[in-house]
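The structure appears below as structure tokens.
Protein chains: 2
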Amino acid sequence: MANIQEVAKKAGVSVATVSRVLNHHPSVTPKTRVKVENAIRELNYEPSMLGRNLRNSESRLLLVLIPSISNPFYTEIINGIQTTAIKHRYNILLCETNSDPRRENIFFNMVRNKLADGIISMDPTINKQKLTELAEHHSVILCSEYMEDGSIPYVTIDNERAAYQAVKHLIILGKKKVALINSDERFLYARQRRRGYEKALTEFGIPITDAFIYNTNELNFHDGVQAMRMLLRTGEKPTAVFAVSDTLAIGALKEINASGLKAPEDIAVAGFDNISFSNMSNPTLTTIAQPMYKMGATAATMLINQIQSKQVESIVLEHELIIRESTMG
Amino acid sequence: MANIQEVAKKAGVSVATVSRVLNHHPSVTPKTRVKVENAIRELNYEPSMLGRNLRNSESRLLLVLIPSISNPFYTEIINGIQTTAIKHRYNILLCETNSDPRRENIFFNMVRNKLADGIISMDPTINKQKLTELAEHHSVILCSEYMEDGSIPYVTIDNERAAYQAVKHLIILGKKKVALINSDERFLYARQRRRGYEKALTEFGIPITDAFIYNTNELNFHDGVQAMRMLLRTGEKPTAVFAVSDTLAIGALKEINASGLKAPEDIAVAGFDNISFSNMSNPTLTTIAQPMYKMGATAATMLINQIQSKQVESIVLEHELIIRESTMG
DNA sequence: TTGAAAGCGCTAACAT
DNA sequence: ATGTTAGCGCTTTCAA
Numbered sequence: 001m002a003n004i005q006e007v008a009k010k011a012g013v014s015v016a017t018v019s020r021v022l023n024h025h026p027s028v029t030p031k032t033r034v035k036v037e038n039a040i041r042e043l044n045y046e047p048s049m050l051g052r053n054l055r056n057s058e059s060r061l062l063l064v065l066i067p068s069i070s071n072p073f074y075t076e077i078i079n080g081i082q083t084t085a086i087k088h089r090y091n092i093l094l095c096e097t098n099s100d101p102r103r104e105n106i107f108f109n110m111v112r113n114k115l116a117d118g119i120i121s122m123d124p125t126i127n128k129q130k131l132t133e134l135a136e137h138h139s140v141i142l143c144s145e146y147m148e149d150g151s152i153p154y155v156t157i158d159n160e161r162a163a164y165q166a167v168k169h170l171i172i173l174g175k176k177k178v179a180l181i182n183s184d185e186r187f188l189y190a191r192q193r194r195r196g197y198e199k200a201l202t203e204f205g206i207p208i209t210d211a212f213i214y215n216t217n218e219l220n221f222h223d224g225v226q227a228m229r230m231l232l233r234t235g236e237k238p239t240a241v242f243a244v245s246d247t248l249a250i251g252a253l254k255e256i257n258a259s260g261l262k263a264p265e266d267i268a269v270a271g272f273d274n275i276s277f278s279n280m281s282n283p284t285l286t287t288i289a290q291p292m293y294k295m296g297a298t299a300a301t302m303l304i305n306q307i308q309s310k311q312v313e314s315i316v317l318e319h320e321l322i323i324r325e326s327t328m329g
Numbered sequence: 001m002a003n004i005q006e007v008a009k010k011a012g013v014s015v016a017t018v019s020r021v022l023n024h025h026p027s028v029t030p031k032t033r034v035k036v037e038n039a040i041r042e043l044n045y046e047p048s049m050l051g052r053n054l055r056n057s058e059s060r061l062l063l064v065l066i067p068s069i070s071n072p073f074y075t076e077i078i079n080g081i082q083t084t085a086i087k088h089r090y091n092i093l094l095c096e097t098n099s100d101p102r103r104e105n106i107f108f109n110m111v112r113n114k115l116a117d118g119i120i121s122m123d124p125t126i127n128k129q130k131l132t133e134l135a136e137h138h139s140v141i142l143c144s145e146y147m148e149d150g151s152i153p154y155v156t157i158d159n160e161r162a163a164y165q166a167v168k169h170l171i172i173l174g175k176k177k178v179a180l181i182n183s184d185e186r187f188l189y190a191r192q193r194r195r196g197y198e199k200a201l202t203e204f205g206i207p208i209t210d211a212f213i214y215n216t217n218e219l220n221f222h223d224g225v226q227a228m229r230m231l232l233r234t235g236e237k238p239t240a241v242f243a244v245s246d247t248l249a250i251g252a253l254k255e256i257n258a259s260g261l262k263a264p265e266d267i268a269v270a271g272f273d274n275i276s277f278s279n280m281s282n283p284t285l286t287t288i289a290q291p292m293y294k295m296g297a298t299a300a301t302m303l304i305n306q307i308q309s310k311q312v313e314s315i316v317l318e319h320e321l322i323i324r325e326s327t328m329g
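Chains A and B supply the protein sequences, listed in that same order.
Per full-length UniProt numbering, residue 1 is the first one in the first sequence, and the count goes up by one each step.
Per full-length UniProt numbering, residue 1 is the first one in the second sequence, and the count goes up by one each step.
As structure tokens, then:
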């Protein structure tokens, strides 16, 4: 692999001139430019990012932290991030943490070591303290899951209000016994969505029953099946279910079906996220749509601004209740 | 961010000694080692990968190229890659190309520039020629989709035989009119699976009808719906469908349902990949299971061996036909 | 055992 | 307009 020296020699110029051509510096004669360009082509030369980055202390690489690639929720967000990043000549690298702290550390260090210019974290399981430390000297944006102290800029939606609206929708349909399939409440979004659920029940004078609340370990289909199975075993069966993710909701639908019950007649079901599969399930799923692409695009814009030392403000985006067959069969 | 100089000064030693401590070089007195370690801790020092990589020409980073994160097929493969990489002190970065050649180029250059040590490509849309060029001087492994000339080591399954088995399964059920929903046949796997389909038909003396073969642009749910819609418009409706991906098959199921038909009674459906959703559809989907985790793990092992200049051989792994409700209701 | 110094590939300040 | 050169942070050879 040729380096800048060899190109300079071949073109009969100095390395500085080669560098200028590389960086489109205006002060280069067309004639020398051509000479250099020819040499570059002949030698198949590609500038080393390593040398360049070391010198410039910038890599134009952004890290995107996700707990798991298998969660379809992230797909559109990443799309938004990527498109925005490219528009600003940045590239993104996806980092799957699998909620493993060691892996987290590696990615944090990539930023410390200037191998990447900043991080967008969508990982609710992330070590908040370490991230805050990193954010003191480096560019960090939170997307979707955030920290209430506001120490790190974020883009998110109003989880509490969204959950409230979904549950209210179920209640208005005449369903009084609304169950909640929630995830681990050590996550902020889970606590917020629970608050929304409770607020809706309270508003309609419906008591909050522990037997109607089930917390899953993860957000997989199978957790939804399991949760629904447990809820159906309670003395009084629920007539509606609000699940905090579509994958859970689809699992719940499956179990309802397997028990010989019908959605929405026997049990209405609402999910959260509006993943593409929520339109493929049978029945199709009522859910809360988050503006995923926009969330991603916003997060990327914020991060790039932060890297360029501009002031950034946290943003709460609008969501939307999408009514489909699982509640309005 | 402190650098090695400051650590050296603080510890009252030379940078060389600090470097030796960092790299666990045996020839350092325990006493000096402690001095240096203290300085490192006090300054919160983290060695710069940039400097280190520039010097060592290695990054211990592996790139994984996928066309799109939204395809669940890749999930388990990536899991296998990641677990294996970590075991060998490598880290992986996911690179979504979106089939955009410019993005491809950026990732290729990351390898050329030593920002990454090698690439595992799972992208069927990749520029074969550029990849071959890259592979001449760098470590590259193909996973799933590969090149028949064998110029780049690969790990894959026998697509033709797998498709043959799936279609044979449909025929044995008594379905004579078997349609094929294939993707773009510029991809090797698509051509191979078509060959398997044709081989099964031929073996049972069933003529191959163009009207029963539909090629989609992409592998999304919606393409499956569209494909099925077209197939249902043919004069003679098919009684079975083999789709080359589960997402397509689930789309086909949806359309069958929407037309008031029943799977498998009216039309049996088989997919390919055994993605997690294939067990969540209604009816659950008969499909070909690829050993995804093993494929990923194998690809990672091969890549790491190649980086270490060991000899690597291409591997064809075993698949399995999983029979579920969509063919055996 | 430790230190001095060269050099990995590049950019930019300064000089011409 | 172009060249010379220092230096980004690190590792490693050579010398002490």
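Glycine included, every Cβ here is placed at the ideal spot set by N, Cα and C.
Note that the structure is a prediction, hence the values are computed from the model and not measured.
Looking at the strands, I want to know which residues DSSP matches up with residue i.
i, result
"residue 214/B", "181/B"
"residue 190/A", "Answer is none; residue 190/A lacks a bridge partner."
"residue 289/A", "273/A, 320/A"
"residue 16/A", "Per DSSP, none; premise fails for residue 16/A."
"residue 225/A", "For residue 225/A, which the question treats as bridged, DSSP gives no partner whatsoever."
"residue 339/B", "Here chain B comprises residues numbered 1 to 329, so residue 339/B is not present and cannot be evaluated."
At least one CB of chain A closer than 7 Å to the CB of residue i: is that the case?
i, result
"residue 127/B", "no"
"residue 119/B", "no"
"residue 75/B", "yes"
"residue 4/B", "no"
"residue 282/B", "yes"
"residue 23/B", "no"
"residue 91/B", "yes"
"residue 212/B", "no"
So, is the C-beta of residue i closer than 7 Å to a C-beta in chain B?
i, result
"residue 112/A", "yes"
"residue 272/A", "no"
"residue 50/A", "yes"
"residue 267/A", "no"
"residue 326/A", "no"
"residue 69/A", "yes"
"residue 106/A", "yes"
"residue 203/A", "no"
"residue 145/A", "no"
"residue 221/A", "yes"
"residue 53/A", "yes"
What residue does the alpha helix (DSSP H) around residue i start on, and which one ends it?
i, result
"residue 255/B", "246 to 258"
"residue 65/A", "No alpha helix (DSSP H) contains residue 65/A, which is instead part of the beta strand (DSSP E) from 61 to 66."
"residue 74/A", "73 to 87"
"residue 132/B", "128 to 137"
"residue 28/A", "Looking at the DSSP string, residue 28/A is not in any alpha helix (DSSP H), and its letter there is neither H nor E."
"residue 121/A", "Where residue 121/A is concerned, there is no enclosing alpha helix (DSSP H), although the beta strand (DSSP E) it sits in stretches over 118 to 121."
"residue 243/B", "No alpha helix (DSSP H) holds residue 243/B; the beta strand (DSSP E) holding it covers 240 to 243."
"residue 106/A", "101 to 112"
"residue 155/A", "Element bounds for residue 155/A: not the alpha helix (DSSP H) but the beta strand (DSSP E), 154 to 157."
"residue 4/B", "4 to 11"
Give the range of the beta strand (DSSP E) segment to which residue i is assigned.
i, result
"residue 93/B", "91 to 96"
"residue 300/A", "Segment 292 to 307 is the alpha helix (DSSP H) holding residue 300/A; no beta strand (DSSP E) there."
My understanding is that residue i touches residue j, with C-beta atoms under 8 Å, so please give their C-beta distance in whole angstroms.
i, j, result
"residue 183/B", "residue 244/B", "6 Å"
"residue 198/A", "residue 191/A", "Their Cβ separation, rounded to whole angstroms, is 11 Å, which puts residue 198/A and residue 191/A out of contact at 8 Å."
"residue 14/B", "residue 114/A", "24 Å between Cβ atoms; not a contact."
"residue 83/A", "residue 297/A", "7 Å"
"residue 178/B", "residue 196/B", "Not quite, the Cβ-Cβ distance comes to about 12 Å (not below 8 Å), so this is no contact."
Please classify residue i: is it buried, with 16 or more other beta-carbons within 10 angstroms of its beta-carbon, or exposed?
i, result
"residue 308/A", "exposed"
"residue 59/A", "buried"
"residue 274/B", "buried"
"residue 56/A", "exposed"
"residue 316/A", "exposed"
"residue 241/B", "buried"
"residue 313/B", "exposed"
"residue 159/A", "buried"
"residue 149/B", "exposed"
"residue 27/B", "exposed"
"residue 175/B", "buried"
"residue 4/A", "buried"
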